[in-house]
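Peer 1: Once you've had a glance at the structure underneath, I'll fire off some questions.
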Amino acid sequence: MIPQARPDRAGERPHNNLLRRLNESDFALIAPHLTQGHCAPDDLLYDPGDDVDTVHFPCGASLASYLVPNEEGRDVETILVGREGAVGGIVSLGYLPAYTRITVKFGGTFMHLPINKLEAAKSNSRSLRNVFARYADCLLAQVFQSTACNAIHSIEQRTAKWIMSAMERNEDSNIVPLTHEQLSTLLGVGRSYASRVIQTFKAEGLVETRRGSILVRDPDRLKIRACLCNESVKNHFEEVLRGVYPSDPTADS
Ligand SMILES: [Zn+2]
2 MIPQARPDRA GERPHNNLLR RLNESDFALI APHLTQGHCA PDDLLYDPGD
52 DVDTVHFPCG ASLASYLVPN EEGRDVETIL VGREGAVGGI VSLGYLPAYT
102 RITVKFGGTF MHLPINKLEA AKSNSRSLRN VFARYADCLL AQVFQSTACN
152 AIHSIEQRTA KWIMSAMERN EDSNIVPLTH EQLSTLLGVG RSYASRVIQT
202 FKAEGLVETR RGSILVRDPD RLKIRACLCN ESVKNHFEEV LRGVYPSDPT
252 ADS
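As structure tokens, this is what we get:
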């Protein structure tokens, strides 16, 4: 994690939808304490047991992931958080040990905010408290959905879902910087299994593979292969925090 500076221009909000959702006075409460940094893929934000003292807001196409280590020494991905949200102290309000490992999945800009500054701002503003409480509810919905998804949906459906989910964060292109290794962690399966699924999608003309990334050739058909878990989560975001979840690139505008 490379700390940099405050947001470049005063008045210009960072490209994080949760921060952009705040009203002017709420944003003004936290803006002086936000710092901008660049995180690289696989940077560690929290390990289980770490004191949670900072909220990290992914910006643009940056993506963080919650991983649960298990007894075999393999991390299994539970949910991805992009610019629709934040990681660290969202539910606990901070100062408790982290339960999961949180790492950077797609590198890029992140905004960092000390938990004590966020908590002080929340105690001064009911509307700020409300936005973060609503976000915590959406985060929990994502976790519930992920549990159900892992239990009942096929590896193929989940692969298509993850690729679509990652592509939604990347506004400008159909390239998803996801390696087979990362995909196998996302799915909780061996690398060769993940590669087989990608080969199937490739043979059907849905994707192409590039070095360290996947190019989506046919988002509409890939979406049909995905389960509807992303849609369920997005619908909940739309009810609870309208406009915060990144839009679907294949949806009619
Ligand atoms: Zn699913």
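If you count the sequence shown from 1, you need to add 1 to reach the working numbering. All C-beta atoms, glycine included, are put in the ideal place defined by N, C-alpha and C.
1) Helix, strand or coil, according to DSSP, for Asp52 in the structure here?
2) Spell out the partners DSSP gives Gln1 in its beta bridges.
3) Can you tell me the Cα-Cα spacing of Asn125 and Lys203, whole angstroms?
4) In three-state DSSP terms, what is Thr210?
5) Return helix, strand or coil for His57, following the three-state DSSP convention.
6) Specify, as a first and last residue, the run of the alpha helix (DSSP H) that Ile156 falls within.
7) Please say whether Leu46 and Thr104 have beta carbons closer to each other than 8 Å?
8) Buried or exposed for Gln143, going by 16 or more other Cβ atoms inside 10 Å?
9) Excluding the five sequence neighbours on either side, which residues of its own chain have a C-beta within less than 8 Å of the C-beta of Ala6, listed in chain order?
10) Using CA atoms only, rank isn't needed, just tell me which of Leu81, Pro33, Leu19 and Pro15 is closest to Met165.
Peer 2: This is what the structure holds:
1) When secondary structure is reduced to three states using DSSP, Asp52 falls in the strand class.
2) Nothing in the structure corresponds to residue 1, since the chain is present only between 2 and 254.
3) Near 53 Å, if we compare the C-alpha coordinates of Lys203 and Asn125.
4) If DSSP states are grouped into helix, strand and coil, Thr210 belongs with the strands.
5) Residue state for His57 is assigned as strand, using DSSP reduced to three classes.
6) Annotation for Ile156: the continuous alpha helix (DSSP H) segment containing it runs Ile156 to Arg170.
7) Cβ atoms of Thr104 and Leu46: closer than 8 Å.
8) Burial call: buried.
9) Legend: pLDDT at Ala6 = 46, less than 50; position of this residue unreliable, value from coordinates given subsequently. Apart from the 5 residues on each side of it in sequence, Ala6 sits with its Cβ closer than 8 Å to the Cβ of Thr36 and Gln37 in its chain, given in chain order.
10) Nearest option by C-alpha distance: Leu81.
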